[in-house]
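Engineer: The structure under discussion is supplied below as structure tokens; questions concerning it will follow.
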Amino acid sequence: MNKYTIFLTLLLLSFTIVQAAPSCFLSSIAMQDKNEEDSLALSVELPEGLQMREIDSLLASWHASKFLQFDEQCESTGENPDFDPETYAKRLSRLPNVVDMPYNNVVQQYINLYSGRLRQSVSVLLGASNFYNPIFEEALESYQVPLELRYLPIIESALNPTAASRAGAVGLWQFMIGTGKQYGLEVTSLIDERCDPIKSSYAAAQYLHDLYSIFGDWTLVIASYNCGPNNVNKAIKRAGGVKDYWTIYPYLPAETRGYVPAFIAANYIMNYYCDHNICPVNTTLPMNTDTIQVNRNVRMERIAELVGISQEEIRALNPQYRTSLIPGESHTCTLRLPTTAVGTFIDAGDSIYVTANEARLVPDVPVPVKTPSNKKGNGTTVTVRKGDTLGAIAKRNRTTVSRLQQLNGIKGTNIQAGQKIRVN
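The working numbering numbers the first residue of the sequence shown as 859 and each following residue consecutively.
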């Protein structure tokens, strides 16, 4: 991975506080799609990733609330124009793709779905794709997989890194546990790397590459990604051994019969949204993040207290952890933080970590305990409680770690329970 890509990946994976999208806009998307879902009957099966529970989950995510903003300057009329079949076919043929993307009536129905009933959801997906496309493209390119497959997570998970299907598939790329572990993704009671955007993307790219070595046809690869290679091989056998998606189409599971057309239509709408008067939701790029290798147990609430960011933000940056505990005691774990917070974390030294016993005893959402203070001389002192850090004390008393170090002649960050610390 070159320096530019690393920088871009870190940039797009990081998050900072910006003006949130108007809540009325975000809620109106969900309500509009739900109302239309009740009133419209489709002859095509909607992929699970684009059903309303996943769209709602995307809209409610920390990422969407912080970094997606409705474009009030968009001059779109909101009307969805009709085009003749030749126009749709010509547009698909112009896409710089390796995967064959023919136009037919089934594809048209999904184009109608994206440009009509789901048009406002598409506007949000267009914004969210700015976060993830560079990651997807880097992973796909590393395994020589066509870059147009970056749109698979749209129909798999609606670009929600913690999406979970009814069958138990999880993450942007919707890995089942067995397949995820086969491709190096750790899944335990504490960690689920299927939710890690970078690791899961590389695992998906390797899986897609392996499927191509079986079928030698990218359309069959996409179908097998959805229903598994065994089901595709059964369909090929029933079709007389012909390895062509549209020939085996009648013999595939119902969901897979819609999956490839939905993928083709997703490629269409993500490239020709302007022609259908769809305005992308604006994306505000956040500042950089960096990673720290953690080899001891540490809790997110303690990190949040020390570095001055919310636990919600830490969770959003580290979706692979199922609880607030980062279990570095068992093996080295990766922790992603805003670059501005990394130095504070490192300066905290051993004081930020907890023992394995403490990690089991401390609940996920501990009740904060106020440190009693008393007046001494011309300043205020506090008594250090067990588990306290300079960062925690500084935050409670509206000061800084460096100020506490200066007032108390402390070098480094080591403090002990029972110690008196002057805070002003």
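Glycine included, each C-beta is placed from N, C-alpha and C at the ideal position.
Which residues in the same chain as I1136 place their Cβ atom closer than 6 Å to its Cβ, once the five residues preceding and following it in sequence are excluded?
Structural biologist: Same-chain partners within the cutoff: R977, V980 and S981.
Engineer: Quick check: the stretch 1063-1080 against the stretch 949-958, are there 3 or more CB pairs under 8 Å?
Structural biologist: The stretch 1063-1080 is in contact with the stretch 949-958.
Engineer: What is the rounded straight-line gap between the Cα of G1098 and the Cα of I1106?
Structural biologist: The alpha-carbon atoms of G1098 and I1106 are separated by roughly 9 Å.
Engineer: Helix, strand or coil: which one does DSSP assign to V839?
Structural biologist: Only positions 859 to 1282 of the chain appear in the structure, and residue 839 is not among them; the question remains open.
Engineer: Would you decide whether D1246 is buried or exposed? Buried here means 16 or more other CB atoms lie within 10 Å of its CB.
Structural biologist: Under this definition D1246 is a buried residue.
Engineer: State the start and end residues of the unbroken alpha helix (DSSP H) segment that holds T1077.
Structural biologist: Start and end: W1076 to C1085.
Engineer: Counting Cβ pairs, one atom from each stretch, are 3 or more of them under 8 Å apart for the stretch 997-1007 and the stretch 1062-1070?
Structural biologist: Because the criterion of three Cβ pairs below 8 Å is met, the stretch 997-1007 and the stretch 1062-1070 touch.
Engineer: Under 8 Å between the Cβ atoms of V1200 and L926?
Structural biologist: No; because the gap between Cβ atoms is not below 8 Å, this pair is not in contact.
Engineer: Based on DSSP bridge pairs, tell me the residues matched to L1048.
Structural biologist: Note: L1048 sits in no beta bridge, so no partner.
Engineer: Rounded to whole angstroms, what is the Cα-Cα separation between I1167 and T1258?
Structural biologist: So the alpha carbons of these two residues sit roughly 14 Å apart.
Engineer: If you draw a straight line from the alpha carbon of Q1178 to that of E944, how long is it in whole angstroms?
Structural biologist: Cα-Cα distance, rounded: 45 Å.
Engineer: Rounded to the nearest angstrom, what separates Q841 and H1134 at their Cα positions?
Structural biologist: As displayed, the chain neither begins before 859 nor continues past 1282, which places residue 841 out of reach and without an answer.
Engineer: Can you tell me the Cβ-Cβ gap for N1146 and T1197, rounded? I've got them flagged as a contact below 8 Å.
Structural biologist: Confirmed, Cβ separation roughly 4 Å.
Engineer: Under 7 Å Cβ to Cβ from K1057, same chain only, skipping five residues before and after it: list those, please.
Structural biologist: Only L1043 and E1051 meet the Cβ criterion.
Engineer: Could you tell me the alpha carbon to alpha carbon distance between Q966 and M1128, rounded to whole angstroms?
Structural biologist: Answer to the nearest angstrom: the Cα atoms are 15 Å apart.
Engineer: Which of helix, strand or coil does DSSP assign to P1177?
Structural biologist: Coil.
Engineer: Quick check: the Cα distance between Y1109 and R1096, rounded to an integer number of angstroms?
Structural biologist: Cα-Cα distance, rounded: 7 Å.
Engineer: Leaving out five residues on either side along the sequence, give the residues of the same chain with a beta carbon under 7 Å from the beta carbon of E937.
Structural biologist: Contacts found: N1135.
Engineer: From this set, I1172, L950, P939 and A1021, which residue's C-alpha is nearest F1121's C-alpha?
Structural biologist: When only C-alpha atoms are compared, the closest one is L950.
Engineer: If I'm right that F1203 touches L1262 with Cβ under 8 Å, what's the distance once you round it to whole angstroms?
Structural biologist: Contact flag wrong, Cβ pair sits at about 17 Å.
Engineer: Just to confirm, is the Cβ distance from T1114 to N1088 under 8 Å?
Structural biologist: No.
Engineer: CB F989 to CB T1141, shorter than 8 Å?
Structural biologist: Yes, the Cβ-Cβ distance between F989 and T1141 is below 8 Å.
Engineer: With distances taken between CB atoms, is the gap from R1243 to I1210 smaller than 8 Å?
Structural biologist: Contact flag unset, no.
Engineer: Could you give the residue range of the alpha helix (DSSP H) that holds N1155?
Structural biologist: Looking at the DSSP string, N1155 is not in any alpha helix (DSSP H); the run it does join, the beta strand (DSSP E), is N1155 to R1157.
Engineer: Helix, strand or coil, according to DSSP, for F865 in the structure here?
Structural biologist: For F865, the pLDDT reaches just 36, beneath the cut-off of 50, and the residue's location in the model is therefore unreliable, although a value from the coordinates is still provided. Here F865 sits in helix by DSSP.
Engineer: If you compare alpha carbons, which of T1149, G1186 and R1157 is closest to L1175?
Structural biologist: For the residues T1149, G1186 and R1157, the minimum Cα distance to L1175 belongs to T1149.
Engineer: Report the three-state DSSP secondary structure of T1142 (helix, strand or coil).
Structural biologist: Residue state, collapsed to three classes: coil.
Engineer: Inspect the beta-carbon positions of S1182 and R1154 and report whether they are closer than 8 Å.
Structural biologist: No, Cβ-Cβ distance for S1182 and R1154 is not below 8 Å.
Engineer: At what residues does the beta strand (DSSP E) containing D1148 begin and finish?
Structural biologist: Per DSSP, D1148 belongs to the beta strand (DSSP E) from T1147 to V1152.
Engineer: Just tell me which of R1180, L983, Q1040 and R1024 has its CA closest to the CA of A1016.
Structural biologist: Of the listed residues, the one whose Cα sits closest to A1016 is L983.
Engineer: Find out if the Cβ-Cβ distance for the pair T1239, K1278 is shorter than 8 Å.
Structural biologist: In contact: T1239 and K1278 (Cβ atoms closer than 8 Å).
Engineer: Could you pull the start and end residues of the alpha helix (DSSP H) that R1115 belongs to?
Structural biologist: Here the alpha helix (DSSP H) through R1115 covers A1112 to Y1130.
Engineer: Rounded to whole angstroms, what's the CA-CA distance from A1206 to A1250? Just pull it up for me.
Structural biologist: If you take the alpha carbons of A1206 and A1250, they lie about 10 Å apart.
Engineer: Between Y1009 and the rest of its own chain, which residues show a CB-CB distance below 7 Å, the 5 nearest in sequence each way excluded?
Structural biologist: Once the five neighbours on either side are set aside, the close Cβ partners of Y1009 are F1121, A1124, N1125 and M1128.
Engineer: Give the secondary structure of C1137 by DSSP, where H, G and I count as helix, E and B as strand, and everything else as coil.
Structural biologist: If DSSP states are grouped into helix, strand and coil, C1137 belongs with coil.
Engineer: Which same chain residues end up closer than 6 Å to T1020 when comparing Cβ atoms and leaving out the 5 residues on each side of it in sequence?
Structural biologist: Cβ neighbours of T1020 beyond the five flanking positions: C1053 and P1177.
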